[in-house]
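Heads up: the sequence shown begins at 1 in our numbering, then just goes up one per residue. Reviewing the structure listed below.
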Amino acid sequence: MTVHLHWFLPTGGDGRTLVDRHAYAANPVDRTRPVSGVRAPDIEYLAQIAKAAEQLGFEAVLTPTGTWCEDAWLTTVALAQHTERLKFLVAFRPGVISPTLAAQMAATYQRITRGRLLLNVVTGGDSTEQRRFGDQLGHDQRYARTDEFLSVVRGVWRGQPYDFDGAHYQVEGGLTALPPDPLPEIFFGGSSAAAGPVAARHADVYLTRGEPPEQVKEKIDWIRSLAEREGRTVRFGIRLHTISRDSSAEAWLTAGRLLDDLDPESIAAAQAALGRSESVGQQRMLALHGGSSDRLEISPNLWAGVGLVRGGAGTALVGSHAEVADRIEEYHALGVEHFVLSGYPHLEEAYWFGEGVIPELAVRGLLSRVPASGAPILVAGGR
């Protein structure tokens with residue numbers, strides 16, 4: 001079993017800071033004042049990241065979904081025209097789109113991009129965010145609806161009329177006339193009791209956030225046992241940030257700099273907002289640091305500083321290239337195949353990881369395809 005490396009597209013903006021300029025501001029949409037160190041998620045910048053990820057050897061890029069992000073479907077299909085092999089892990093919310101339409105969109109996407117679509121199903125752990133999109137269901141009901149949604153999607157992908165009569169969806173003769181080829185792999189995450197059975201029945205890859213190895217092992221054992229009861233096999237992935245440098249000291253210095261513009265008020269506001277989330281995974285992220293910046297290395301080379309002010313993935317692998325490779329190898333030994341990575345800023349950190357850690361992983365035999373080393377160096381005399 002080798003590792004699959006994926007990067008991240010910051011469609012909500014990027015920069016040299018952890019401060020979320022959107023989600024916790026009193027006036028979240030203020031375009032009158034430019035913010036130092038923050039980059040707009042325009043197509044030119046996102047294309048730079050996508051091209052870098054492809055060149056460096058990443059298999060795919062994850063595109064998020066939510067109020068503060070550009071639409072993942074539209075953005076990635078545009079970026080497919082700027083790349084050749086890179087796949088796109090498109091995040092979307094089942095509750096705001098018909099499952100039959102989603103199945104048709106996926107089929108069209110596969111034909112347009114020649115098979116470069118992966119799907120990240122985001123059930124949603126924040127009712128306030130869900131209501132912005134017209135979704136009034138509670139936490140557990142959303143997972144029950146996702147269960148039905150994925151049943152319909154897989155049903156209509158068969159290419160034959162498909163009927164479904166559930167609590168949330170009723171479909172008569174649902175059909176994708178030209179099913180996607182290949183079928184997109186479905187990535188799915190969720191740490192609650194309601195999420196586990198859905199993952200076991202439908203996920204190709206169960207995606208966990210970057211918790212310490214012992215906690216990740218518990219999740220893997222949990223989902224694997226549920227999947228066995230369903231007669232299925234589920235693979236596993238992890239979502240992490242990275243800060244990889246030529247030396248461990250340099251990496252930790254970089255991590256420290258990311259905290260420099262985090263004042264106590266910003267941390268408190270972020271923690272209060274994140275604490276209202278219904279997501280069990282988000283609550284597990286918050287528990288790793290407890291809102292304190294005193295003890296952020298929660299496991300060797302695993303740093304929880306991002307989660308002080310950012311929702312979602314809240315931890316980063318920090319260290320020398322060899323140390324970061326060590327930690328990836330450790331997670332891999334537990335059964336993790338897919339590593340969905342990111343870093344601030346995403347363009348520069350892609351190069352730090354791609355030029356530093358990927359060669360380390362290749363030497364250890366953890367990559368099925370070793371990236372090309374790039375153009376030859378030119379020396380005097382034209383050689």
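Backbone N, C-alpha and C define an ideal beta-carbon position, used for all residues, glycine too.
Top-ranked residue by Cα proximity to residue i, from the options
{"i": "residue 209", "options": "341, 136, 194", "result": "341"}
{"i": "residue 99", "options": "162, 262, 129, 212", "result": "162"}
{"i": "residue 238", "options": "182, 272, 314", "result": "314"}
{"i": "residue 94", "options": "108, 151, 49", "result": "151"}
{"i": "residue 216", "options": "333, 120, 134", "result": "333"}
{"i": "residue 123", "options": "101, 149, 111", "result": "149"}
{"i": "residue 77", "options": "68, 117, 92, 187", "result": "117"}
{"i": "residue 111", "options": "183, 348, 69, 297", "result": "183"}
{"i": "residue 299", "options": "321, 130, 170, 326", "result": "326"}
{"i": "residue 205", "options": "211, 227, 214, 212", "result": "227"}
{"i": "residue 16", "options": "80, 306, 366", "result": "306"}
{"i": "residue 43", "options": "18, 72, 201", "result": "72"}
{"i": "residue 248", "options": "297, 201, 323, 222", "result": "323"}
{"i": "residue 190", "options": "264, 142, 68, 360", "result": "142"}
{"i": "residue 359", "options": "347, 246, 304", "result": "246"}
{"i": "residue 356", "options": "175, 48, 244", "result": "244"}
{"i": "residue 115", "options": "233, 126, 185", "result": "185"}
{"i": "residue 406", "options": "120, 49, 211", "result": "A query on residue 406 cannot be resolved here, the shown segment of the chain reaching from 1 to 383 and no further."}
{"i": "residue 232", "options": "68, 200, 221", "result": "200"}
{"i": "residue 92", "options": "120, 265, 40", "result": "120"}
{"i": "residue 113", "options": "128, 79, 136, 127", "result": "79"}
{"i": "residue 136", "options": "337, 187, 168, 297", "result": "168"}
{"i": "residue 202", "options": "304, 164, 147, 353", "result": "147"}
{"i": "residue 302", "options": "242, 260, 40, 286", "result": "242"}
{"i": "residue 41", "options": "51, 68, 52", "result": "68"}
{"i": "residue 47", "options": "352, 353, 347", "result": "347"}
{"i": "residue 352", "options": "38, 230, 52", "result": "52"}
{"i": "residue 337", "options": "207, 222, 230", "result": "207"}
{"i": "residue 265", "options": "308, 213, 70", "result": "308"}
{"i": "residue 187", "options": "214, 234, 96, 165", "result": "234"}
Cross-strand partners of residue i (DSSP beta bridge)
{"i": "residue 241", "result": "316, 342"}
{"i": "residue 120", "result": "91, 187"}
{"i": "residue 60", "result": "6, 87"}
{"i": "residue 235", "result": "205"}
{"i": "residue 175", "result": "Beta-bridge pairing links residue 175 to no other residue."}
{"i": "residue 15", "result": "38"}
{"i": "residue 211", "result": "Answer by DSSP bridge pairing: none, since residue 211 is not bridged."}
{"i": "residue 165", "result": "170"}
{"i": "residue 280", "result": "According to DSSP, residue 280 bridges with nothing at all."}
{"i": "residue 352", "result": "In the DSSP output, where bridge partners are listed per residue, residue 352 has none listed."}
{"i": "residue 297", "result": "303"}
{"i": "residue 336", "result": "236"}
Exposed unless 16 or more other CB atoms sit within 10 angstroms - verdict on residue i
{"i": "residue 363", "result": "exposed"}
{"i": "residue 54", "result": "buried"}
{"i": "residue 178", "result": "exposed"}
{"i": "residue 368", "result": "exposed"}
{"i": "residue 139", "result": "buried"}
{"i": "residue 276", "result": "exposed"}
{"i": "residue 2", "result": "exposed"}
{"i": "residue 145", "result": "buried"}
{"i": "residue 218", "result": "exposed"}
{"i": "residue 294", "result": "exposed"}
{"i": "residue 24", "result": "For residue 24, the pLDDT reaches just 41, beneath the cut-off of 50, and the residue's location in the model is therefore unreliable, although a value from the coordinates is still provided. Buried, by the Cβ-count rule."}
{"i": "residue 26", "result": "Unreliable placement is indicated for residue 26, whose pLDDT of 44 sits below 50; the coordinate value is still reported in the next sentence. Looking at its Cβ environment, which holds fewer than 16 other Cβ atoms inside 10 Å, residue 26 is exposed."}
{"i": "residue 14", "result": "buried"}
{"i": "residue 130", "result": "buried"}
{"i": "residue 256", "result": "exposed"}
{"i": "residue 134", "result": "exposed"}
{"i": "residue 81", "result": "exposed"}
{"i": "residue 282", "result": "buried"}
{"i": "residue 83", "result": "buried"}
{"i": "residue 449", "result": "Nothing about residue 449 can be reported from this structure: the residues present for the chain run from 1 to 383 only."}
{"i": "residue 128", "result": "exposed"}
{"i": "residue 253", "result": "exposed"}
{"i": "residue 29", "result": "Any reading at residue 29 needs caution, since the residue's pLDDT is 45, under 50, leaving its predicted position unreliable; the model's value is listed next. Under this definition residue 29 is an exposed residue."}
{"i": "residue 31", "result": "No answer about residue 31 holds up, because its pLDDT of 48 lies below 50 and its placement is not dependable."}
{"i": "residue 173", "result": "exposed"}
CB-CB length for residue i against residue j, believed under 8 Å
{"i": "residue 339", "j": "residue 5", "result": "6 Å"}
{"i": "residue 156", "j": "residue 251", "result": "At roughly 47 Å, the Cβ-Cβ gap does not stay under 8 Å, so residue 156 and residue 251 are not in contact."}
{"i": "residue 153", "j": "residue 102", "result": "6 Å"}
{"i": "residue 274", "j": "residue 311", "result": "5 Å"}
{"i": "residue 344", "j": "residue 18", "result": "6 Å"}
{"i": "residue 330", "j": "residue 366", "result": "Not really, about 12 Å apart at Cβ, beyond 8 Å."}
{"i": "residue 316", "j": "residue 240", "result": "6 Å"}
{"i": "residue 280", "j": "residue 225", "result": "So it is not a contact: roughly 18 Å between Cβ atoms."}
Any non-hydrogen atom of the ligand MN closer than 7 Å to residue i Cβ
{"i": "residue 225", "result": "Ligands displayed in this structure: none; no statement on the ligand MN is therefore possible."}
Test: residue i CB closer than 8 Å to a CB of chain C
{"i": "residue 151", "result": "The structure shown contains no chain C, having only a single protein chain."}
| task | Kindly confirm or deny that the region 61 to 73 and the region 83 to 91 touch, where touching means at least three C-beta pairs closer than 8 Å. | result | yes
| query | Do the region 101 to 108 and the region 167 to 187 meet, that is, are 3 or more Cβ pairs less than 8 Å apart? | reply | yes
| query | Does the region 187 to 198 come close enough to the region 256 to 275 that 3 or more CB-CB pairs lie under 8 Å? | reply | no
| Between the region 8 to 15 and the region 64 to 78, do three or more beta carbon pairs fall short of 8 Å? | yes
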